[in-house]
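Reading through the structure tokens given below for one structure.
In this note's numbering, the protein residues as written are -18 to 200.
And the structure:
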């Protein structure tokens, strides 16, 4: 996630106007909008709303939208977003509906929204115990031993936190097309979840049929 250059325009709270409906705003008519650049507003990234609200604000700025227009497209009122921005309502507790609205607005997977909100972490995508020194450490050593990458790792990075080392390892994985961390395969996980849901529906149907047969036998 990149921080936006402060020279680029970023909406402020006054851009939204002076009055806001306390209820959810009506969704805006569908229109072709520029995709989000992936950058975030530095001004809002340091506020309690964190990366998610900073991403929404930056996306609105890139599209030339006011706060009101952004809220309208999200389908949520400005007071609701203001609660998130000010930390009155924890971003980590956003609803699934709001997460879907943000995903549609930013045009990113809902998983990305949940990660920006802090509802899930990289550790949630890994097997138990993977997001730990005993796992990140060996992967980081692979990066250090790479003749092209190793010399680029500064002393500060060598002493960095586990999350920072994790981020560096993930970038290395992408560049060299090599898997070092045993994270869950999201696509495979989705297949497993769908198979489980199908199995559950089959069980529910069987139970419903048994109940129907039992009721019919009593009449």
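By construction, the Cβ of each residue, glycine as well, lies at the ideal position given by its N, Cα and C atoms.
Do you know offhand how far residue 98's Cα is from residue 32's?
-> So the two alpha carbons sit approximately 7 angstroms from each other.
Which first and last residues belong to the alpha helix (DSSP H) in which residue 29 is found?
-> Run containing residue 29: none; DSSP gives neither H nor E here.
Tell me which same chain residues have a C-beta within less than 6 angstroms of the C-beta of residue 35, skipping the five on either side of it?
-> 21, 22, 25 and 26, listed in sequence order.
Reference residue 101, options 74, 118, 81 and 141, closest by Cα = With respect to the C-alpha of residue 101, the residue from 74, 118, 81 and 141 having the closest C-alpha is 74.
Buried/exposed call for residue 133, threshold 16 Cβ in 10 Å | By the neighbour-count definition (other C-beta atoms within 10 Å, threshold 16), residue 133 is an exposed residue.
Taking just the CA atoms, how far does residue 91 sit from residue 80?
-> Rounded to the nearest whole angstrom, the CA to CA distance from residue 80 to residue 91 is 6 angstroms.
Roughly how many angstroms separate the alpha carbons of residue 154 and residue 15, rounded to a whole number?
-> Going from the Cα of residue 154 to the Cα of residue 15 covers about 29 angstroms.
Can you tell me the Cα-Cα spacing of residue 152 and residue 66, whole angstroms?
-> Roughly 30 angstroms between the two C-alpha positions.
Going by Cα to Cα distance, which pick from 41, 162 and 96 is closest to residue 115?
-> Closest by alpha carbon: 162.
Work out the CA separation of residue 19 and residue 121 for me, nearest whole Å.
-> So the two alpha carbons sit approximately 26 angstroms from each other.
Backbone CA spacing between residue 131 and residue 150 [nearest angstrom] = Taking the straight line from one Cα to the other gives about 12 angstroms.
Buried/exposed call for residue 192, threshold 16 Cβ in 10 Å = Exposed is the call here.
Assuming residue 87 and residue 17 make a contact with CB atoms under 8 angstroms, what is their CB distance in whole Å?
-> The C-beta distance from residue 87 to residue 17 rounds to 5 angstroms, short enough to fall under 8 angstroms.
Closer than 7 angstroms by C-beta to residue 123: which residues in its own chain qualify, once you throw out the five before and the five after it? Chain order, please.
-> 161, listed in sequence order.
Residue 4 to residue 49 span [Cα, whole Å] | At residue 4 the pLDDT is 40, less than 50, meaning the model places this residue with poor confidence; the figure from the coordinates comes in the next sentence. Between residue 4 and residue 49, the C-alpha separation is close to 13 angstroms.
Given residue 84, which residues of its chain have a CB within under 6 angstroms of its CB, disregarding the five upstream and five downstream residues?
-> Cβ-Cβ distances below 6 angstroms link residue 84 to 91 and 94 in the same chain, with the five nearest sequence neighbours on each side left out; the list follows chain order.
Residue 185: buried (16+ other C-beta within 10 angstroms of its C-beta) or exposed?
-> Here residue 185 is exposed. Its C-beta has fewer than 16 other C-beta atoms within 10 Å.
Residues in its own chain within less than 7 angstroms of residue 146 by CB, not counting five upstream and five downstream?
-> Within the same chain, and ignoring the five residues on either side of residue 146 in sequence, the residues whose Cβ sits closer than 7 angstroms to its Cβ are 117 and 121.
Contacting residues, own chain, Cβ-Cβ under 7 angstroms from residue 180 (five flanking each side not counted) | No residues qualify anywhere along the chain.
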